[in-house]
Amino acid sequence: MPDFHLKNWLLDTGSLTERLQAHCRDFRVRVLGQQPAPLLDNEQELMGHDTPYVVREVLLCAEQTPWVFARSLLPSALCETGGGELSALGDKPLGRLLFNDPRFIRQPFQLTCIQPRNKLQQQLRLAGSQTLWGRRSVFLFQQWRLMVAEVFLPQCPAYKLMGRTI
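Under the working numbering, the first residue of the sequence shown is numbered 1035, with each subsequent residue one higher.
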């Protein structure tokens, strides 16, 4: 189970983008990919089979250092050029839209613990053997469901106080 400080980050219902920006001078979104792609099995269970999705994977970086890996499932209809609510995201944070538009309604978090040398850690070329923590939640928007999953990477301030007693 995560410690109090980390749990505070994992269960914070505010904008993670804004919280990260408060801890650095230079915040950037590095888009790793955004294209139609099949969902993972556990994502299909959560999202269903009836909607085509665009999978967006990004790194949220501070001072050039990745702090968070995010994987979002966006209904393809919302990403269509010219008419989709999410068509012009580019390297802008998705959170800026989700938290500034009251039509997006967040559902409860699901937390996860990612063991060292996991496939994700290998894909991101993370050195070391630190256990990582993450969360995901579904957002309801009109008739659509969007999912945002975030994994806190080793340099993230969410881990800053781990192991310290208060």
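The beta carbon of each residue, even a glycine, is placed where N, CA and C say it ideally should be.
Predicted, not measured: the structure shown is a model, and the values here were computed from it.
Asked                                                                                                             : Found
Beta bridge counterpart(s) of L1120 as assigned by DSSP                                                           : According to DSSP, L1120 bridges with nothing at all.
Own chain, CB closer than 6 Å to D1125, minus 5 neighbours either side, in chain order                            : V1063 and V1065
Straight-line Cα distance separating W1178 from N1134                                                             : 17 Å
S1110 classed as buried or exposed, judged by whether at least 16 other C-beta atoms fall within 10 angstroms     : exposed
Of the residues Q1055, V1185 and Y1087, the one placed nearest P1070, counting alpha carbons only                 : Y1087
Euclidean distance between Cα positions of A1056 and P1191                                                        : 11 Å
Limits of the alpha helix (DSSP H) - the one that L1074 falls within                                              : Careful: L1074 lies outside any alpha helix (DSSP H) and carries neither H nor E.
Whole-Å CB distance - P1188 paired with Q1164, under 8 Å assumed                                                  : 5 Å
Spatial distance of I1200 from L1166 (CA atoms)                                                                   : At I1200, the pLDDT of 36 sits below 50, so the modelled position is not reliable and the matter cannot be decided from this model.
Minimum C-alpha distance to S1049 - residue among P1136, Q1176 and L1073                                          : P1136
Buried or exposed by the 16-neighbour rule on C-beta atoms within 10 Å, applied to F1127                          : Residue identity differs from the one stated: residue 1127 is Pro in this sequence, not Phe. P1127 should be labelled buried.
Host alpha helix (DSSP H) of C1113 (start-end)                                                                    : S1110 to C1113
Those runs of the alpha helix (DSSP H) which lie wholly inside the segment 1138-1167 and span at least 4 residues : 1153-1157
Member of L1044, T1085 and R1090 whose CA lies at the smallest distance from the CA of R1169                      : L1044
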